[in-house]
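Working notes for the structure below.
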Amino acid sequence: MACFITLLGSDALVQGDQSWPSFQGPRGSGATTERLPQELGGKNISWERMLPGYGLSTPVVHSNKVFITCSSGPEQDRLRVLCIDGTKGQSLWERQFWATGRTMCHEKTSVAAPTPCTDGVRIYALFSSNDLVCLDFDGNLIWLRGITADYPNVSNSLGMASSLVVTDGVVVAQVENDSESYAIGIDAVTGKNIWKIEREKSANWTSPLVLSPGLVGLQSKSGIDAVDTADGHFLWKYDGGASTIPSSCRKGNVLFVPSKGLTALAYNLSSQKSPKQLWSSSRLSPGTSSPVVVSNTVFTISRGDVLTAGDIETGERRWQLRLKGPFSATPVVNGDTLLAVNETGLIQLVHFDDEQGELKDTFHLENQILASPAIAGDGVFLRSNSRLWKFVDAKQ
Amino acid sequence: MRKSVYKLIRNHNVSPVLFFLAISCCLVALGAAASVAETLDANLKTLQSVGNEGKGNPSAAVAWQEVADCKSDSIPTILSAIDGASPLSANWIRTAVDAIAGRSRKIPLEDLEVFLSDVRHDPRARRLAWELIQQRNPKRAETIISSMLDDPGVELRYDAVDRLIQKASQANEELAVNEILRKALDAARNVDQVKQITTALRKSGQIIDLQHHFGFLAGWYVAGPFDNTDGKGFATVYPPEENVDLQALYAGKGMQVLWHEFLTADPYGMVDINKAIPGPGDGLKEVVAYAFTTFTMPVGQEVEVRLGCKNAWKIWGNGSLLFERDEYHRGMRIDQYRIPFEMREGENTLLVKLCQDGQAKDWTKEWQFQLRLCDASGTPVLGSDRRPTPRHSEAEATHGELQIP
């Protein structure tokens, strides 16, 4: 037990929650220490604005700036990065790029599916066309890459969706599909490859996860590979198989992998030994949304739209609650509240403790929403294909 | 020259000191302008020289900042640097224009209009010029766009066609509507727009030859099946890859294989190999087929081979491998792949290898492709030996089939 608490304890040192720097938030857990709105309604909308294109990437927030990507044009080949003031919702700048790779996607997804990431200095944005751009917070172009121009068969006719992470000065992109498949570590300053790993030729929409500074987990149908971002060498491998749609999340040195339902793995930062499997539970199997973890509970939303809370030490199911689905977006969570948005735009606010979860409030945005929310400072940021909203707690 | 200067000073009662001071200032200003122009030129060259895998990124970032700091009257010059630039370089350059336009109160609208009207410039740069005009003077931009039906720029043409479609929707008489829609169809290159227009025209009994409109290739010789067990056939070199002999007899997968003609009457040129090589039940699995055709060009020309396909495939043009892709059943659409091909005067050949995998689900039985040749704007390149679009009965004779979309 003491050992388990040690494994989970290191996240207290991670940066505060004024930022939501990547798909799964500041800790790779989908959790925040910020207060979530305790009720939902029009009065909670701080601002709302139109977006100039389609997209289902999560907004990324830092220094009260909201960065968001979208695509437009008859061929969806106009790639856009927007910077929006977090307080008032006004546009600060926008940069456009012409796609250099293929833009074909399944109609449900979008060229702007991958979530950008930030290291607090620069914003890194990837698109399904495999165009990867780096801008500073003032919109100055620092570098750009056309990964399909580099490696012509890196594409997926259904669309690419793996999001970016950045750690220790290395941007990590998983561009994995059937025909030509890589994970690439890119110098955050110059945009040049530091390493390139050939990956299994198989379509994969999961995102890399920072396990600790300079160490990322790469999920694929085979399992998880832990890679040192300094040179791209493998530290350890979990080969129990994993999903190619929902991504893993972590708390401390415990990884929750969509594998055989959900599997908890304890890894050691100073060892190349394979991680220790703590438990595996078919009752916690996620659908499209990725799992999230906070305190002593891991949450999944099943294909049948059931929210399940599991004990992170044992994997035992604590409680279940049927929500209104279907879900694509990953929920966000803090100590006692979980916010989930279904594909029709119905936001569902769940209060929970160890014993039960209760649907506290709902609010309908009347927009298709596939993008996961971001939480930073006093706001929850949510986007549809055409709009971006900021929700705040009206009681604050 | 010296006499003229003295005369000028004497006649206009100008102080010689002031005169030479003014001249010096002008020369300094001209020199500075020349220096600014040279610096801009050098920076644009730096942006034009970025390469793959991040090559040139660090120096481009420095150059970009200086270009982005230019005054807005430099925008046409900066846009001109997109001409002939690689797609990566074009993005470096266009974002600098974004930055300048984003902070500038005034931009040189007349110069941008001149730039836009010169079709020798890169179509995307011209589109950006139009959008800058649209942001500052929407009324003028609307007037301009309506005259761009035949523009080589894909997006400019798209918007011009869109305006015509809107106009047709507001017309009352069927004759007038059809006339407008016909004009729109002639100009349309975007598949969705073409479908929208043809749906409306067909309602009034109009006949439209879409195969011809897009330039789909309808006549092929097909040979198969060869073995693709475990996907190994993709890399296996079967005899047609070494030499296409339309009289040859090959050892195929469980049978002797001959070439036979296949015509498709599908409006979008779909070549359904399951019809060309009928198999049991849901069709053959783990097999390879080849499709071969010839194409006669009056003059040599670089074209785009545009392919739609959800099976693994390879394409050879005049015997050289143009591209290959080992992906199965992830999706298909018209113009899914755009492959450059330098066609020569006279006869050219195209060979397509089409692999079917072993997946069992119903939606994985499709084994088909659609291929057309066109220029960068999507305007079809039609061979001088192009035959009339096959009629239903002709296609049926070769197992092809008419599918009304």
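If you read the protein sequences in the order shown, they are chains C and U. Quick note: the first sequence uses numbering that gives the first Met the number 0, first residue 0, plus one each step. Quick note: the second sequence uses numbering that gives the first Met the number 0, first residue 0, plus one each step. Just so you know, even glycine gets a beta-carbon here, dropped at the ideal spot from N, CA and C.
Endpoints, alpha helix (DSSP H) assigned at residue i
i, result
"C/G119", "Careful: C/G119 lies outside any alpha helix (DSSP H) and carries neither H nor E."
"U/Q134", "122–135"
"U/N413", "Past the boundaries of the shown model lies residue 413 of chain U; chain U is included only from 0 to 404, so the question cannot be answered."
"U/R201", "190–202"
"C/R101", "Premise fails: C/R101 is in no alpha helix (DSSP H) and is neither H nor E."
"U/Q210", "209–213"
"C/L358", "Where C/L358 is concerned, there is no enclosing alpha helix (DSSP H), although the beta strand (DSSP E) it sits in stretches over 356–363."
"U/Y157", "153–169"
"C/D149", "146–149"
"U/P75", "74–79"
Backbone CA spacing between residue i and residue j [nearest angstrom]
i, j, result
"U/K313", "U/V351", "6 angstroms"
"C/F126", "C/W318", "38 angstroms"
"U/Q402", "U/D265", "A caution first: U/Q402 carries a pLDDT of 36, below 50, which makes its placement in the model unreliable, though a value can still be read off. Near 5 angstroms, if we compare the C-alpha coordinates of U/D265 and U/Q402."
"U/G204", "U/I106", "49 angstroms"
"C/N192", "C/P113", "20 angstroms"
"U/D356", "U/Q255", "21 angstroms"
"U/K231", "U/R93", "44 angstroms"
"C/S154", "C/T99", "12 angstroms"
"U/Y249", "U/E260", "16 angstroms"
"C/V170", "U/S383", "51 angstroms"
Status (buried if at least 16 other CB within 10 Å, exposed otherwise) for residue i
i, result
"C/C2", "Low confidence applies here, because C/C2 scores a pLDDT of 48, under 50, leaving its location unreliable; read the following figure in that light. Exposed, because fewer than 16 other Cβ atoms sit within 10 Å of the Cβ of C/C2."
"C/A148", "buried"
"C/H363", "exposed"
"C/L268", "exposed"
"C/T299", "buried"
"C/T108", "buried"
"U/G251", "buried"
"U/P404", "Because the pLDDT at U/P404 is just 31, under 50, the model does not fix this residue reliably, and the point stays unresolved."
"U/P389", "buried"
"C/Q271", "exposed"
"C/G119", "exposed"
"U/Q358", "exposed"
"U/E171", "Note that residue 171 of chain U is Asn in the sequence shown, not Glu. The residue is exposed, with fewer than 16 neighbouring Cβ atoms inside 10 Å."
"U/R188", "buried"
"C/S281", "exposed"
"U/I333", "buried"
Minimum C-alpha distance to residue i - residue among the options
i, options, result
"U/S58", "U/T348, U/E285, U/N42, U/T228", "U/N42"
"C/I122", "C/S273, C/N252, C/W142, C/S128", "C/W142"
"U/T142", "U/G152, U/D158, U/P389, U/A89", "U/D158"
"C/N295", "C/D304, C/P274, C/D335, C/I374", "C/D335"
"U/D150", "U/P122, U/K138, U/D161, U/A167", "U/P122"
"C/V80", "C/R34, C/C133, C/Q89", "C/C133"
"C/R26", "C/D16, C/V188, C/R144", "C/D16"
"C/P207", "C/T361, C/R77, C/L163, C/W388", "C/L163"
"U/E240", "U/V302, U/A311, U/W315", "U/W315"
"C/G24", "C/D167, C/G88, C/S247", "C/S247"
"C/L320", "C/V293, C/Y237, C/K359, C/V331", "C/K359"
Short CB-CB distance (under 7 angstroms) between residue i and chain C
i, result
"U/L381", "no"
"U/Q300", "no"
"U/Y267", "no"
"U/N310", "no"
Residue-level contact to chain U via CB, residue i, 7 angstroms cutoff
i, result
"C/A148", "yes"
"C/K191", "yes"
"C/Q95", "yes"
"C/T313", "no"
"C/T102", "no"
"C/L81", "no"
"C/I141", "yes"
"C/T99", "yes"
"C/N129", "no"
"C/N203", "no"
"C/P115", "no"
"C/W92", "yes"
"C/D177", "yes"
Segment limits, beta strand (DSSP E) that includes residue i
i, result
"U/N51", "Per DSSP, U/N51 belongs to no beta strand (DSSP E) and is neither H nor E."
"U/F114", "Per DSSP, U/F114 belongs to no beta strand (DSSP E); it is in the alpha helix (DSSP H), 108–116."
"C/S219", "214–219"
"U/R181", "U/R181 -> not in any beta strand (DSSP E); alpha helix (DSSP H) instead, spanning 173–186."
"U/T263", "Unbroken run through U/T263: none, as it is neither H nor E."
"C/S211", "208–211"
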